[in-house]
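Student: Once you've had a glance at the structure underneath, I'll fire off some questions.
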Amino acid sequence: MVAHSARSRFSGLITRVLRDTVMAQVEIQVRPYRFVSLLSSEAADEPGVEPGRLVVAAVKSTNVSVQIPDGRPPRRSAPIGEARRAG
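Next up, the structure:
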């Protein structure tokens with residue numbers, strides 16, 4: 000395994016991989032939480048990026064906020080790497 004300076008590391012199971020020609024969405028179940036990672040389709044084509052595979056999600060990121068300009072104050076959004084309970 001390559002050493003990274005990621006702040007948080009979470010072991011989990013890949014539950015779904017959705018691919019198109021450019022990007023792939025990889026869903027990882029970590030206890031009661033679901034992580035979603037977007038990566039290039041080329042990276043997702045690496046051996047082992049498939050449902051049922053045990054992986055480590057290494058997280059190092061800044062806060063990402065999505066706001067809808069409808070006059071309401073925005074809800075607090077989860078930074079990438081901050082998981083929310085699935086369901």
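Numbers 0 to 86, taken from numbering that gives the first Met the number 0, label the letters of the sequence shown in order.
Don't be surprised by glycine CBs; every beta carbon is placed ideally from N, CA and C.
Starting from the N-terminal side, write out each stretch of the beta strand (DSSP E) that is 3 residues or longer and does not extend beyond the segment 1 to 46.
Tutor: List check, beta strand (DSSP E) in window: 7 to 18, 22 to 29 and 32 to 39.
Student: Whose C-alpha, out of Arg-30, Glu-41 and Pro-31, is nearest the C-alpha of Gln-24?
Tutor: The shortest C-alpha separation from Gln-24 is found at Glu-41.
Student: Considering only residues of the same chain and omitting the five flanking positions on each side of Arg-93, which have a CB-CB separation below 6 angstroms?
Tutor: Nothing can be reported for residue 93: it is not among the residues displayed for the chain, which extend from 0 to 86.
Student: Here's a check: name, in chain order, each residue in its chain whose Cβ is nearer than 6 angstroms to the Cβ of Leu-17, leaving out the five neighbours to either side.
Tutor: Taken in chain order, the residues that qualify are Gln-24.
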